[in-house]
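*Asks:* Here's a structure for you.
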Amino acid sequence: MRIVEGRHSAAACALLLSGLVIVPTLFLGGSPVRAAEPIKVGWVGPLSPPGGYAEGALMKDATQIAADEINAKGGVLGRKIEVSYQDTRGQPEEGTAAAQRLISQDHVVAITGEFHSSVFLAEMEVAHAAGIPIIAVDVWALKITAKGYPEVFRVAPNQALIASKYGEWLAASGFKNVAVLYEKTDGGQSARDVLLPVLEKHGVKYDVVGSDPNATEFTAQIERFKNHSPPYDFFMSIYSEAGAYPMISQAYTLGFAPTPHAGIANTGGPAVDPTFWKNVGEAGKYLVTEIVGLPKTAWNDKTKAFVAAFQKRFNQTPSPQAIENYDAMWVLADAIERAKSTDGKAIIAALEKTHWLGGRGLYTFSTSHTPDWAYHQFMEAPVALVQFDKVNQEPEDAPIIWPRDIADVKYLYKKPGE
Amino acid sequence: MSWDYLFIQAANGAVIGIIYALIAVGVTLIFSILKIVNFAHGDLYMLGGYCAYYVITLFGVPPLPAMFVSMAALFTIAIILERLLLTPLYSDATERKDEYGLIVTFGLAFFLRNIAIIAFGPFPLKPPSFISGVQHFGNLIVTNDRLFAGSAGIVLILALLYFMHRTIWGQALDAVSQSREAAAIVGINPRRFNSFAFGVGAALAAAAGALIAPIFSLAPDMGVLPNIQAYVIVILGGMGSVLGSIIAGIALGESEGLFTAFFPDPTRALAYTNAFGVLVLMIVLIFRPNGLFGRRHLRME
Numbered sequence: 001m002r003i004v005e006g007r008h009s010a011a012a013c014a015l016l017l018s019g020l021v022i023v024p025t026l027f028l029g030g031s032p033v034r035a036a037e038p039i040k041v042g043w044v045g046p047l048s049p050p051g052g053y054a055e056g057a058l059m060k061d062a063t064q065i066a067a068d069e070i071n072a073k074g075g076v077l078g079r080k081i082e083v084s085y086q087d088t089r090g091q092p093e094e095g096t097a098a099a100q101r102l103i104s105q106d107h108v109v110a111i112t113g114e115f116h117s118s119v120f121l122a123e124m125e126v127a128h129a130a131g132i133p134i135i136a137v138d139v140w141a142l143k144i145t146a147k148g149y150p151e152v153f154r155v156a157p158n159q160a161l162i163a164s165k166y167g168e169w170l171a172a173s174g175f176k177n178v179a180v181l182y183e184k185t186d187g188g189q190s191a192r193d194v195l196l197p198v199l200e201k202h203g204v205k206y207d208v209v210g211s212d213p214n215a216t217e218f219t220a221q222i223e224r225f226k227n228h229s230p231p232y233d234f235f236m237s238i239y240s241e242a243g244a245y246p247m248i249s250q251a252y253t254l255g256f257a258p259t260p261h262a263g264i265a266n267t268g269g270p271a272v273d274p275t276f277w278k279n280v281g282e283a284g285k286y287l288v289t290e291i292v293g294l295p296k297t298a299w300n301d302k303t304k305a306f307v308a309a310f311q312k313r314f315n316q317t318p319s320p321q322a323i324e325n326y327d328a329m330w331v332l333a334d335a336i337e338r339a340k341s342t343d344g345k346a347i348i349a350a351l352e353k354t355h356w357l358g359g360r361g362l363y364t365f366s367t368s369h370t371p372d373w374a375y376h377q378f379m380e381a382p383v384a385l386v387q388f389d390k391v392n393q394e395p396e397d398a399p400i401i402w403p404r405d406i407a408d409v410k411y412l413y414k415k416p417g418e
Numbered sequence: 419m420s421w422d423y424l425f426i427q428a429a430n431g432a433v434i435g436i437i438y439a440l441i442a443v444g445v446t447l448i449f450s451i452l453k454i455v456n457f458a459h460g461d462l463y464m465l466g467g468y469c470a471y472y473v474i475t476l477f478g479v480p481p482l483p484a485m486f487v488s489m490a491a492l493f494t495i496a497i498i499l500e501r502l503l504l505t506p507l508y509s510d511a512t513e514r515k516d517e518y519g520l521i522v523t524f525g526l527a528f529f530l531r532n533i534a535i536i537a538f539g540p541f542p543l544k545p546p547s548f549i550s551g552v553q554h555f556g557n558l559i560v561t562n563d564r565l566f567a568g569s570a571g572i573v574l575i576l577a578l579l580y581f582m583h584r585t586i587w588g589q590a591l592d593a594v595s596q597s598r599e600a601a602a603i604v605g606i607n608p609r610r611f612n613s614f615a616f617g618v619g620a621a622l623a624a625a626a627g628a629l630i631a632p633i634f635s636l637a638p639d640m641g642v643l644p645n646i647q648a649y650v651i652v653i654l655g656g657m658g659s660v661l662g663s664i665i666a667g668i669a670l671g672e673s674e675g676l677f678t679a680f681f682p683d684p685t686r687a688l689a690y691t692n693a694f695g696v697l698v699l700m701i702v703l704i705f706r707p708n709g710l711f712g713r714r715h716l717r718m719e
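Chains as they are written, first to last, in this note's numbering: chain A, 1 to 418; chain B, 419 to 719.
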């Protein structure tokens, strides 16, 4: 019995000791302390070559501004937001690895970002498999939302909303024979596939030329365009990489476009980046490009506050992509707050009911599958075609030429010398 | 197609070819002396371009003197890099020297490219022109920057050839490239010439970067494509042959330009330009496995 009693005493002591250890541990790991742990959100995008690291850097900076603002207002669900940034280098395989790292190592509750469609298509497969919501920021390929994944949302306009505008505008402006030069990426090919049927519908003739996205020497091709018979009256480049600058400069110095006989446009983003004018100078005057934000006349208080904050912190004007990523971060924070949970399905359900006013207007996401790319697409994403009419002009100050309901000039296209 | 069209395309191809040659000849020089392929050479070309840009914009130096400053700076930086990173190549303790050279230059390339994004920013920059304006030849237009880049490139290549064949230092370099041991016996310090060759190669790349900057703009990743093209040119010309890499560089620039200008399917010409360069390499290697000038080089070895 004594032995038994001794055993009981030993067991009691062990229980007491374990209690001394376990109970405080439970408290330490329990809800009061865990509530203060940050909510982790992933960001993906190009921050080094061969990706579009210039745009990626702007998007990252804008994301951090949003995260800091959210945290300054008390965070989400009483917890701070912490962003884990992953450089995807414009490479789909890096995108896959980045998404896997974010989900399995950092345990993020959602992902946002990306500038390259081909990379986002890889990332969204990982997010889809894990049931983690992912908001596409500046990727325009149709199949991103056309795949119908419930986890995938897009705040950017897509090619059906952008390239079709170029097609309609080219036809309305009376251009008859267009030289199209596109980069061979998912984004470039998607734009081409949308643009060409619109041109065909309006009877506009065209020739289309593909290019390596890293190319910088276009002289031989532009000379070929210039010597074409019948002559082209418009040069449409679908090019998001840094090579757009030498392309625009070469088209100008070789006397191909812009001239009174041939207009020029670039879609893809480089024409709204901060060093555009330093690189192209006079060659940029009369260029048509798109802005995927609100026109300056329609800026709301949030747009103005963000632009001021960005200029103050980074000493440069934010690009439309930067505003997109700023808004995407806020849209996500708003959804988590409304979901009252960090569970993927709850966030997705909340995102579908988004009704949030951001720097680019009132955000809502379509739940229709007709057309297929409409699913989880921000259908009212603003897109305006602008034409620079001065050297060193900010994109937001350039006259809007299309769509006509928001155009602020009477002409559709201003030719050099007019 | 008119003769004018052929002339202008050939002129543009020649300018690009000369720039290729300036880069490739440095790779050849380094290969023939250090026996490694420098995969960071395109990134030294990028650094040279940025160096000239900042000398122009910060100190108000005109573009041509800025190019020489950039060449001197890269010559010095390259010697420091060679001393810091490539010394194990000369040690008997390093068993796999080829692999070491490959990995260390690849690593250096990534390091320089990423440090450039931090130091110079991610957005492309463009320095002022060497000579602004264009030249008209009938209906044809060539920019002064291209004419200047081509002319300056030719002068630099001729200066290099003169240096290699007519000066004692050039002949010493040639001696080291043929036999390090024999060169050492006659009193040439091979270690010193390793550094010197790396420095000269980098200075030529810097000149190419400074010359091309007003034409293509500067970006931290601008060396990626020249890295590949320089390697193609070096193999095409015959590994280790300086004259071979000059001729192969100009030939590659010409053939790429003329291919884009005359390929029968105009919608695919531009997209296939780089593939065409590699196709030229493959055809040459089938008939001349040592490259265009490889035979002479092998005899030297």
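We treat Cβ as the ideally placed atom computed from N, Cα and C, and that holds for glycine.
Please read all numbers here as calculations on a predicted model, not as lab measurements.
Do three or more CB pairs link the segment 421–432 of chain B to the segment 544–557 of chain B at distances below 8 Å?
*Replies:* The segment 421–432 of chain B vs the segment 544–557 of chain B: in contact.
*Asks:* Let me confirm a value: phenylalanine 449 (chain B) is counted as buried when at least 16 other C-beta atoms fall within 10 Å, else exposed. Which label applies?
*Replies:* buried
*Asks:* Quick test of the definition: if touching needs 3 or more C-beta pairs under 8 Å, does the segment 347–361 of chain A touch the segment 297–314 of chain A?
*Replies:* yes
*Asks:* Say whether chain A places a C-beta atom closer than 8 Å to the C-beta of glycine 571 (chain B).
*Replies:* No, glycine 571 (chain B) does not count as interfacial toward chain A.
*Asks:* Checking the sheet assignment: what are the DSSP bridge partners for alanine 110 (chain A)?
*Replies:* A:Val41
*Asks:* With contact counted as at least three CB pairs below 8 Å, one residue from each stretch, are the segment 151–168 of chain A and the segment 186–206 of chain A in contact?
*Replies:* yes
*Asks:* Can you list, in chain order, the residues of its chain whose CB lies under 7 Å from that of tyrosine 518 (chain B), leaving out five sequence neighbours each side?
*Replies:* Pro506, Leu507, Thr512
*Asks:* For a test of the three-state rule: what should DSSP assign to glutamate 241 (chain A), helix, strand or coil?
*Replies:* coil
*Asks:* Tryptophan 140 (chain A): buried (16+ other C-beta within 10 angstroms of its C-beta) or exposed?
*Replies:* buried
*Asks:* Going by CA-CA distance only, name the one from B:Ala666, B:Ile436, B:Arg564 that's closest to proline 246 (chain A).
*Replies:* B:Arg564
*Asks:* Compare the beta carbon distance of alanine 637 (chain B) and proline 542 (chain B) with 8 Å and say whether it is the shorter of the two.
*Replies:* yes
*Asks:* How would you label alanine 129 (chain A), buried or exposed, when you count the other beta carbons within 10 angstroms and need 16 or more for buried?
*Replies:* When all chains shown are included, alanine 129 (chain A) counts as exposed.
*Asks:* Identify the contact partners of proline 480 (chain B) in chain A, using a Cβ-Cβ distance below 9 Å as the criterion.
*Replies:* The premise fails here: proline 480 (chain B) is roughly 19 Å from chain A at the closest Cβ pair, so nothing lies under 9 Å.
*Asks:* Distance, Cα to Cα, glycine 641 (chain B) vs leucine 332 (chain A)?
*Replies:* 38 Å
*Asks:* In the DSSP assignment, find the unbroken alpha helix (DSSP H) run with serine 663 (chain B) in it and report its ends.
*Replies:* Looking at the DSSP string, the run of the alpha helix (DSSP H) that includes serine 663 (chain B) is 660–680.
*Asks:* Could you pull out every residue in the same chain whose Cβ sits closer than 7 Å to the Cβ of phenylalanine 27 (chain A), ignoring the five residues on either side in sequence?
*Replies:* Confidence is the limiting factor: at phenylalanine 27 (chain A) the pLDDT is only 41, short of 50, which leaves the residue's position unreliable, though a coordinate-based value still follows. Same-chain partners within the cutoff: there are none.
*Asks:* Exposed or buried, what is methionine 415 (chain B) when buried is set at 16 or more other beta-carbons lying within 10 Å of its beta-carbon?
*Replies:* Only positions 419 to 719 of chain B appear in this structure, which leaves residue 415 (chain B) out of reach.
*Asks:* For serine 673 (chain B), which residues in chain A fall below 7 Å Cβ to Cβ?
*Replies:* Residues of chain A passing the Cβ test: none, with the nearest at roughly 11 Å.
*Asks:* Less than 8 Å between the beta carbons of proline 260 (chain A) and proline 416 (chain A), yes or no?
*Replies:* yes
*Asks:* So, do the segment 166–186 of chain A and the segment 200–210 of chain A have three or more beta carbon pairs nearer to each other than 8 Å?
*Replies:* yes
*Asks:* Do the segment 308–327 of chain A and the segment 78–91 of chain A meet, that is, are 3 or more Cβ pairs less than 8 Å apart?
*Replies:* no
*Asks:* So is tyrosine 326 (chain A) buried or exposed if we call it buried at 16+ other beta carbons inside 10 Å?
*Replies:* The residue in question, tyrosine 326 (chain A), is buried, as its Cβ has 16 or more Cβ neighbours within 10 Å.
*Asks:* What are the residues that DSSP puts in a beta bridge with glycine 263 (chain A)?
*Replies:* A:Phe234
*Asks:* Give the single residue among B:Ala491, B:Ser659, B:Asn692, B:Leu504 whose Cα lies nearest to the Cα of glycine 709 (chain B).
*Replies:* Per the Cα distances, B:Ser659.
*Asks:* Looking at the secondary structure, which residues open and close the beta strand (DSSP E) in which tyrosine 419 (chain A) lies?
*Replies:* Residue 419 (chain A) is absent from the structure shown; chain A starts at 1 and stops at 418.
*Asks:* Could one say the Cβ of leucine 476 (chain B) lies closer than 8 Å to chain A's Cβ atoms, at least one of them?
*Replies:* No, no contact with chain A.
*Asks:* What residues match up with tryptophan 402 (chain A) in a beta bridge as DSSP calls it?
*Replies:* A:Leu385
*Asks:* Does the beta-carbon of lysine 353 (chain A) have 16 or more other beta-carbons within 10 angstroms, so that it is buried, or is it exposed?
*Replies:* Taking all protein chains shown into account, lysine 353 (chain A) has fewer than 16 neighbouring C-beta atoms within 10 Å of its C-beta and is therefore exposed.
*Asks:* Quick check: is the beta carbon of alanine 470 (chain B) nearer than 8 Å to any beta carbon in chain A?
*Replies:* no
*Asks:* Which residues of chain B have a Cβ atom closer than 7 Å to the Cβ of tyrosine 245 (chain A), listed in chain order?
*Replies:* Think of a sphere of 7 Å around the beta carbon of tyrosine 245 (chain A): the chain B residues whose beta carbon falls inside it are Pro542, Ser635, in chain order.
*Asks:* Any residues in the segment 679–701 of chain B with a beta carbon nearer than 8 Å to a beta carbon of chain A? Which ones, in chain order?
*Replies:* Ala679, Pro684, Thr685, Arg686, Ala687, Leu688, Ala689, Thr691, Asn692
*Asks:* Thinking just about the alpha-carbon of each residue, which of B:Asn430, B:Ala442, B:Ile436 is nearest to the one in isoleucine 646 (chain B)?
*Replies:* Among B:Asn430, B:Ala442, B:Ile436, the Cα nearest to that of isoleucine 646 (chain B) belongs to B:Ala442.
*Asks:* Taking the alpha helix (DSSP H) that isoleucine 65 (chain A) falls in, what are its first and last residues?
*Replies:* Here the alpha helix (DSSP H) through isoleucine 65 (chain A) covers 53–72.
*Asks:* Is there contact between the segment 33–47 of chain A and the segment 73–89 of chain A, where contact requires at least three CB pairs shorter than 8 Å?
*Replies:* yes
*Asks:* On a CA-only basis, which of A:Arg224, A:Gln316, A:Phe218 is nearest serine 249 (chain A)? Give me that one, please.
*Replies:* A:Phe218
*Asks:* Below 8 Å between beta carbons: does that hold for leucine 102 (chain A) and valine 109 (chain A)?
*Replies:* no
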